[in-house]
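Numbering (our numbering), first residue to last: 1 to 94.
Report on the structure given below.
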Amino acid sequence: MKRISEAANVTPIRFHDIRHTHASVLISEGVDIVKVQTRLGHSKPSITLEHYAHMMPNQDDEVADIFHNALSEDPLAKCEQITIVDLNASSKTK
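Shown next as C-alpha cells:
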C-alpha cells in the first residue's frame, strides 16, 4: 500500500482506513445498515451500528419538513381531520 501511495503521490493510509471510509460513505448516503453490515462482514447489524451510528443521516430535518408540509397544505381541509385536545383543561367530576 505504501508503494502505491508513493507512486500516486498521495499520503499513505492503512487498508482499514479505506474500509472505514467506504462504510462511512455508504451510510452517510443512506444505504441500508443491513446492506453495509453484509458488505463489511459483520455478524449483526448492531455491530455495524456500534461503529458507524454517528454517520447515520440526520432525519430530523426530513421529519420536520413532513410536519411543516402537512400543516401548510390546505389548512381548512386539515382541520376536518385533526382533533385538537386541550391538555390544560381540567375535567370536573362530581
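Glycine included, each C-beta is placed from N, C-alpha and C at the ideal position.
Bear in mind the structure is a predicted one, so any value in this text is a computation, not a measurement.
- For isoleucine 47, the enclosing alpha helix (DSSP H) stretches over residues 45-52.
- With fewer than 16 neighbouring CB atoms inside 10 Å of its own CB, threonine 11 falls in the exposed class.
- Within a 10 Å sphere around the beta-carbon of histidine 42 sit 16 or more other beta-carbons, which makes this residue buried.
- Here the alpha carbons of methionine 56 and leucine 87 stand approximately 35 Å from one another.
- The shortest CA-to-CA distance from histidine 20 to any of Ile4, Leu49 and Leu71 is the one to Leu49.
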